[in-house]
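Per my numbering, residue 57 is the first one in the sequence shown, and the count goes up by one each step.
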Amino acid sequence: MASYDYDLFVIGGGSGGVRAGRLAAGLGKKVAIAEEYRYGGTCVIRGCVPKKLFVYASQFSEHFEDAAGYGWNVGDSTFDWPTLIANKDKEIARLEGLYRKGLDNAGADIIDSRAELVGPHEILIKATGKTVTAERILVAVGGRPNPHKSLPGYELCISSNEAFHLEKLPKAIVIAGGGYIAVEFANIFHGLGVETTLVYRGSEILSRFDGDMRRGLHKAMEEKGIRIICHEVFENVEKAPDGRLKATLKGGEILIADQVMLALGRMPNTEGLGLEKAGVELGKKGEILVDDYSCTNVEHIYALGDVTDRVQLTPVAIHEAMCFIDTVYRDKPTSPDHDLIATAVFSQPEIGTVGMAEEDAAKAHEEIEIYRAEFRPMKATLSGRTEKMIMKIVVNSGDRKVLGVHLMGPDAGELAQALGIALKAGCTKDDFDRTMAVHPTAAEELVTMYQPSYRVRNGERVQS
Ligand code: NDP
C-alpha cells in the first residue's frame with residue numbers, strides 16, 4: 057500500500073477548508089492545510105464579518121436621527137473612517153487567530169503558502185518549493201470578485217476586497233451590480249454619508265428574490281437618497297483630469313465619483329491550481345465539478361464551498377465540510393442538503409428570506425395563497441421614520457405547506473433563521489395560525505395573517 061505524507065491535504069483556509077481540516081485532524085488523521093493569504097477566508101477576512109461590522113457602523117446615522125423622537129438630543133456627530141478600519145482590522149486579526157488556534161489544537165499542520173497540485177497525490181508548497189503527498193486532497197479555495205476585464209477602465213475600479221481597506225472614505229461612489237454585494241455596499245456607503253449611485257443591468261435589483269422584496273428595497277433605498285439606475289451598464293471608466301473617476305453608461309450618462317466599485321458576481325479560484333495535472337474536471341465558469349458527496353471525477357480529490365459554485369454562502373461551505381467528514385472519515389455517506397437555505401441581505405432595511413419566491417411558487421404549483429402585510433414598525437412611530445416593513449408568506453393551497461417566507465425590515469435576517477427551522481420542519485400555514493403571537497413585536501404579524509391577501513391560480517392573480 058502506498059504511503060503518503062498526509063492522510064488529508066486541504067488547499068484553502070476559508071470556512072469550508074478550516075472546518076474540514078480541523079474535524080479530520082480531531083479524528084486523528086494526519087492533516088495539512090495550506091492558505092496563501094489569511095486563515096478565515098473570504099467570510100472572515102474580506103466578506104461577511106467585516107461587511108457586517110461596516111453595516112453596524114453605517115446604521116448609526118439613522119439611529120441618531122431616530123433618537124430625537126424619543127427625547128434624546130444626540131448633538132453633532134462625526135464619523136472617522138480610519139477608526140472604523142483600524143477597529144475592524146483588530147477584530148478580524150482576533151478571529152483569524154481563533155481559526156489558526158482551532159487547527160493547531162486539533163493537530164493539523166498549518167502551512168502559510170500557496171499550494172498547487174502537481175500530480176494526483178502530489179502538492180507543491182510554493183513558499184518552500186517542497187512537494188508533499190496526500191492520500192486525499194480537499195480543494196476549498198473559494199472564489200474572488202469577477203474583475204470584469206472586458207470593461208475599458210476596469211483596472212481603475214475597486215471590488216469588495218478593496219472596499220475594506222480604502223485609505224479614505226469617498227465623497228461619491230458608483231457601484232455596478234444588483235446582487236447581494238452591490239446592494240449591501242450601496243447601503244453601507246450611503247449610511248456613512250457617501251453620495252451613492254447603483255447601476256444595474258436588469259429591470260429590478262436582487263434578481264433571484266421575491267418581487268415584493270425587490271421592489272420594496274428599491275423604494276426604501278431611493279427614499280433614503282441612494283440613486284438606482286436600472287437597465288444600464290458601464291460603457292467605460294476613465295480618470296478625469298481632477299483625479300476623480302468618470303463612469304460613462306451605455307445610454308450616454310456620465311457619473312463622476314471618487315470610487316467605482318464592481319460587484320458583478322464572483323468566480324472560482326481555480327486558475328493555476330494544477331487541477332489539470334491531477335485530472336480534475338472543471339465546469340464552464342472554471343468551477344470544480346463534484347458529485348452529490350463533493351467528490352470530483354478523481355476518486356480521492358474532493359472540493360467544496362464557493363469553488364464548486366453550488367451555493368456561494370459560508371454556512372453552506374461549512375455544512376459541505378461536515379458532510380465530507382461524515383462521508384469520508386465516519387463511514388456515513390452524507391450528501392449536502394441545499395434545500396430551503398435561509399438567507400439575509402444586510403441592506404437597510406434588511407431582507408430575510410427562506411423558500412420560494414411568489415414568482416417561482418406560482419410556476420411550480422397550480423394554486424398558491426399569498427399572505428402579505430406592509431406596515432410601519434412600532435419604533436418608527438415616535439422616530440417619524442416612514443420606512444415600511446413587509447412580511448409575506450407563500451402557501452401551497454393544495455396541502456397548506458408554507459413554501460416561502462420573505463421579510464423586509466428590522467432584524468429580518470434574525471427572523472429568517474428561526475423561520476428556516478419552521479420551513480425545514482415542513483410547517484403548514486395551519487401551524488403558523490395556531491402559534492401564539494409574541495406581543496408587541498413586528499414578527500407577530502407572521503402568525504396573525506389569517507386570510508390570504510390574494511391567490512395565484514395557474515399563474516393568474518385572483519382575489520381570495
Ligand atoms: P450576485 O450573483 O448576487 O450578483 C451579481 C450581480 O452582478 C447581479 O446583479 C448580476 O445581474 C450582475 N452582473 C453579472 N454579470 C454582469 C455583467 N456582465 N454586466 C452587468 N451586470 C452583471 O453576486 P455578488 O457579487 O453580489 O455576490 C456573490 C455571492 O456572494 C452571492 O451570490 C452570495 O451568494 C454571496 N454573498 C452573500 C451575502 C449574504 O449572505 N448576505 C453577502 C454577499 C455575498 P443579474 O442579476 O441580472 O444576473
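The beta carbon of each residue, even a glycine, is placed where N, CA and C say it ideally should be. Everything numeric in this text was worked out from a predicted model, so none of it was measured.
Could you tell me the distance, in whole angstroms, from the CA atom of G476 to the CA atom of G258?
Spanning the two alpha carbons is a distance of roughly 29 angstroms.
For F120, which residues of its own chain have a beta-carbon under 8 angstroms away from its beta-carbon, when the five flanking residues on both sides are left out?
Answer for F120: V130 and S133, listed in chain order.
Label P297 either buried or exposed according to how many other C-beta atoms from any shown protein chain fall within 10 Å of its C-beta, with 16 as the threshold for buried.
By the neighbour-count rule (16 or more Cβ atoms within 10 Å), P297 is not buried but exposed.
Distance, Cα to Cα, A400 vs V410?
Cα-Cα distance, rounded: 9 angstroms.
Can we count R322 as close to the ligand NDP, meaning its CB is less than 6 angstroms from some heavy atom?
Within the cutoff, so yes.
Can you give me the Cβ contacts of I499 inside the same chain, cut-off strictly under 7 angstroms, excluding the 5 residues immediately before and after it?
In the sequence on display, residue 499 carries Ala and not Ile. Closer than 7 angstroms at Cβ, skipping near neighbours: L471.
Do three or more CB pairs link the segment 282-302 to the segment 144-162 at distances below 8 angstroms?
Taking 8 angstroms as the limit for Cβ pairs, the verdict is that the segment 144-162 does not touch the segment 282-302.
What do you reckon, are the CB atoms on I426 and S350 nearer than 7 angstroms?
Their beta carbons are not under 7 angstroms apart, which means I426 does not touch S350 by this criterion.
Exposed or buried, what is V87 when buried is set at 16 or more other beta-carbons lying within 10 Å of its beta-carbon?
It is buried - the Cβ of V87 has at least 16 other Cβ atoms within 10 Å.
Rounded to the nearest angstrom, what separates K457 and G482 at their Cα positions?
About 7 angstroms.
On a Cα-Cα basis, can you pick out the residue from A319, G281, R432 and A219 that is closest to L140?
Among A319, G281, R432 and A219, the Cα nearest to that of L140 belongs to A219.
Less than 6 angstroms between the CB of Q473 and some heavy atom of the ligand NDP, yes or no?
No - the ligand NDP has no heavy atom lying nearer than 6 angstroms to the Cβ of Q473.
For the ligand NDP, any of its heavy atoms closer than 6 angstroms to the Cβ of R441?
No, Cβ of R441 sits at least 6 angstroms from all heavy atoms of the ligand NDP.
Could you tell me which of D489, R513 and R511 sits nearest to L502, measuring between CA atoms?
Taking only the C-alpha atoms, the option nearest L502 is D489.
Looking only at its own chain, which residues have a Cβ that is under 7 angstroms from the Cβ of I167, when we skip the five neighbours before and after it?
So the list reads A88, I89, A90 and I181, once near-sequence residues are dropped.
Applying the criterion that 16 or more other CB atoms from any shown protein chain within 10 Å of the CB defines a buried residue, is D347 buried or exposed?
Looking at its Cβ environment, which holds fewer than 16 other Cβ atoms inside 10 Å, D347 is exposed.
Pairing CB atoms from the segment 183-191 with CB atoms from the segment 97-109, are three or more of them under 8 angstroms?
With a cut-off of 8 angstroms, the segment 97-109 and the segment 183-191 do not count as touching, because too few Cβ pairs lie within range.
Check whether the Cβ atoms of I407 and M269 lie closer than 7 angstroms to each other.
Yes. Within cutoff.
Please state if the CB of V363 and the CB of V336 are separated by a distance shorter than 7 angstroms.
Cβ atoms of V336 and V363: not closer than 7 angstroms.
Quick check: V372 and M412, are their CB atoms within less than 7 angstroms of each other?
No, they are not a contact pair.
Return yes when the Cβ of V230 is within less than 7 angstroms of the Cβ of L311, no when it is not.
Against a cut-off of 7 angstroms, the Cβ pair of V230 and L311 comes out as a contact.
Taking a contact to mean a Cβ-Cβ separation below 7 angstroms, would you say I261 touches H274 in this structure?
It is a contact, given that the beta carbons lie within the stated cut-off.
Can you list, in chain order, the residues of its chain with a C-beta nearer than 8 angstroms to that of Y210? Leave out the 5 residues immediately preceding and following it.
So the qualifying residues of the chain are P203, H204, V293 and L318.
From the DSSP output, read off the bridge partner residues of T189.
T189 pairs with E178.
Measure the alpha-carbon distance for E516 versus K419 and round it to whole angstroms.
Roughly 10 angstroms separates the two Cα atoms.
Would F65 and I193 be called neighbours here (beta carbons separated by less than 7 angstroms)?
Cβ distance < 7 angstroms, so F65 and I193 count as in contact.
With a threshold of 6 angstroms on Cβ separation, who are the neighbours of Q368 within its own chain once the five nearest residues in sequence on each side are excluded?
Closer than 6 angstroms at Cβ, skipping near neighbours: D362.
Go ahead and pull the three-state DSSP assignment for Y510.
In this structure, Y510 counts as strand in the three-state DSSP scheme.
Cβ of Y236 within 6 angstroms of any heavy atom in the ligand NDP?
Yes; taking the cut-off as 6 angstroms, the Cβ of Y236 has a heavy atom of the ligand NDP nearer than that.
Can you tell me whether R200 is helix, strand or coil according to DSSP?
The answer is strand: DSSP assigns R200 an E or B state.
Any heavy atom of the ligand NDP closer than 6 angstroms to the Cβ of T491?
No, the beta carbon of T491 sits no closer than 6 angstroms to any heavy atom of the ligand NDP.
Over what stretch of residues does the beta strand (DSSP E) that includes I67 continue unbroken?
I67 -> beta strand (DSSP E) spans Y62 to I67.
For N217, I'd like the list of residues in its chain whose CB is within less than 8 angstroms of its CB, leaving aside the five on either flank, ordered along the chain.
So the qualifying residues of the chain are R102, R200 and P201.
Considering just the uninterrupted stretch of the alpha helix (DSSP H) at H554, what are its terminal residues?
Since the first residue shown for the chain is 57 and the last is 520, residue 554 is missing from the structure and cannot be characterised.
Going by CA-CA distance only, name the one from E178, F116 and A162 that's closest to A58.
Considering only alpha carbons, the answer is E178.
Just to confirm, are I282 and T326 a CB contact at a threshold of 7 angstroms?
Against a cut-off of 7 angstroms, the Cβ pair of T326 and I282 comes out as no contact.
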